[in-house]
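Chains as they are written, first to last, in my numbering: chain E, 7 to 253; chain L, 7 to 253.
For glycine and all other residues, C-beta sits at the position ideal for the given N, C-alpha and C.
What follows is one structure encoded as structure tokens, with my remarks underneath.
Below, the structure written as structure tokens:
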């Protein structure tokens, strides 16, 4: 598949945008830079209807999906990129600045992965829980005196960067022989769930720690960059352990 | 002067924006990427007042200037860059795509030049006359199916590109020994005026050709990349010729 077609398949995810104009602005920027797949998480219903009537992006918005949770929006993706400030990530999470992002996505596409780029709501941005579903955090380098960007402009800047750098670089190199397809987000969530249940069944820690454990497991699984087969194998192990614990 | 301070001195010029939100959006993007000088040409007065009350860019908008004509907005600039589609330029005008712009501006700043980046009105963009005042045309590479960008997003994309590529590249190289300071736009307009008067005084061509001649002279003078001294010398020559023609 030519790189321009692969690029079009990158999922753009907007989490609960508050300003209805921003859904239209994001869709407009997507059309400008050749992106096609938009998912809006938990939109406010009147804004969602209003956005669908925006000028210049009709087809794209008609095909846009809605999802109730970020997990659902990125379920089929093998590499999830959250936008925000690097300060907010945890030390074990990987982060880059936008000008460094294109080669990373290129590698991911070359190994047959599916990529999502996730934008948080206007004021507060992505939450800590949203970030725990991301393999990578990306920051747009901005002036320290006015770091906070308008959502529609942030989307435009990110998509410009990706389309101009990826398409200028030419076709991606062939994947290495050992480049296994990564586990997608749905598979990682399944695995995280099994690990969590195992923790509970084994009385690993008190009940009030379960939210913190879930978070740590999610972050860990993304950092490990698990392949599809590895993830299946580990899931099998935990299910077996869980069965033994319960019987 | 450090590059970040030079960058801040690039003039951002909006020509007759129609949507009042776009003045605020441009100012917001300028603040995000460390730019400080905004001039709005022939704004619609109520929009101008409305924009001055936008959130997050107060100082910048309070210092924003208004000009009646593009010529006035760029008078002190030695290198004027118009944004638009490369198809619209004349063959003798220089044009580049946005990812190629940073090194060109870097050279200009290194030789002590002053740079303006000019954006046209939302629907029609810069006119042919506006372009005749530009040394260079720059195009944001967009998808052929939806090439027309939102103004606020176009400004954000251009300023992101310049700030991220210029600041990442480190300090500009020292100017070459023979790098003369360029003539600024006011000087070029003065020279164009003298040449035009000379044409008229010499009956160079019929009166109905004068608009076309003015355009050609403007384009020619920008393409020549005249130094300050050269421009003064040529102006002196034409004034002398003009005096002789008239006496």
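- Contact with chain L is absent for residue 69 of chain E, since none of that chain's Cβ atoms lies less than 9 Å from the residue's Cβ.
- The criterion of a C-beta distance shorter than 9 Å is not satisfied by residue 53 of chain L and residue 18 of chain L.
- Among the CB atoms of chain L, one or more fall inside 9 Å of the CB of residue 40 of chain E.
- Runs of the alpha helix (DSSP H) lying entirely within the segment 85 to 118 of chain L, each at least 4 residues long, are 107 to 116 in chain order.
- Residue state for residue 233 of chain L is assigned as strand, using DSSP reduced to three classes.
- One alpha carbon belongs to residue 75 of chain E, the other to residue 196 of chain E, and they sit about 15 Å apart.
- Here DSSP, grouped into helix, strand and coil, assigns residue 15 of chain L to coil.
- For a cut-off of 8 Å, the C-beta gap from residue 66 of chain E to residue 92 of chain E is around 30 Å, too long to register as a contact.
- By the criterion of a C-beta distance shorter than 8 Å, residue 36 of chain E is surrounded in its chain by 18, 42, 44, 63, 66, 161 and 165, once the five residues flanking it on both sides are discounted.
- In this structure residue 38 of chain E does not touch residue 215 of chain L by the C-beta definition: roughly 40 Å separates them, more than the 8 Å allowed.
- Straight through space, the alpha carbons of residue 108 of chain L and residue 169 of chain L are spaced by roughly 9 Å.
- Collapsing the DSSP output to three states places residue 186 of chain E in coil.
- In the DSSP assignment, residue 73 of chain E is bridged to E:47.
- In the DSSP assignment, the residues bridged to residue 125 of chain E are E:20.
- Closer than 9 Å to the CB of residue 59 of chain E there is not a single CB belonging to chain L.
- At a cut-off of 9 Å, the C-beta of residue 205 of chain E has no neighbouring C-beta in chain L.
- The segment 120 to 133 of chain L makes no contact with the segment 239 to 251 of chain E; the number of CB pairs closer than 8 Å stays below 3.
- Distance from the CA atom of residue 210 of chain L to the CA atom of residue 110 of chain L, rounded to whole angstroms, is 36 Å.
- In this structure residue 82 of chain E is not in contact with residue 149 of chain E, their Cβ atoms being roughly 36 Å apart against a cut-off of 8 Å.
- Residue environment: residue 51 of chain E is assigned as exposed (fewer than 16 neighbouring CB atoms within 10 Å of its CB, all protein chains considered).
- The alpha-carbon separation between residue 22 of chain E and residue 71 of chain E amounts to approximately 13 Å.
- Comparing alpha carbon positions, the residue from E:86, E:171 and E:145 closest to residue 10 of chain E is E:171.
- The Cβ-Cβ distance between residue 145 of chain L and residue 104 of chain L falls below 9 Å.
- The alpha-carbon separation between residue 198 of chain E and residue 224 of chain E amounts to approximately 6 Å.
- Of all residues in the segment 128 to 154 of chain E, only 146, 147, 148, 149, 151, 152, 153 and 154 place a beta-carbon less than 8 Å from a beta-carbon of chain L.
- Ranked by Cα distance from residue 132 of chain L, the options L:101, L:112 and L:89 are led by L:89.
- Around the CB of residue 59 of chain E, fewer than 16 other CB atoms lie within 10 Å, so the residue is classed as exposed.
- The beta carbon of residue 105 of chain L falls within 9 Å of a beta carbon belonging to chain E, placing the residue at that interface.
- For residue 37 of chain L, at least one C-beta of chain E is nearer than 9 Å to its own C-beta.
- Taking a C-beta distance under 9 Å as the contact criterion, residue 49 of chain E and residue 27 of chain E do not qualify as a contact pair.
- Residue burial is scored here from C-beta neighbours: residue 127 of chain E has at least 16 other C-beta atoms within 10 angstroms and is therefore classed as buried.
- Interface with chain E (9 Å Cβ-Cβ cutoff): residue 167 of chain L is included.
- In the three-state reduction of the DSSP assignment, residue 165 of chain L falls in the helix class.
- Residue state for residue 42 of chain L is assigned as coil, using DSSP reduced to three classes.
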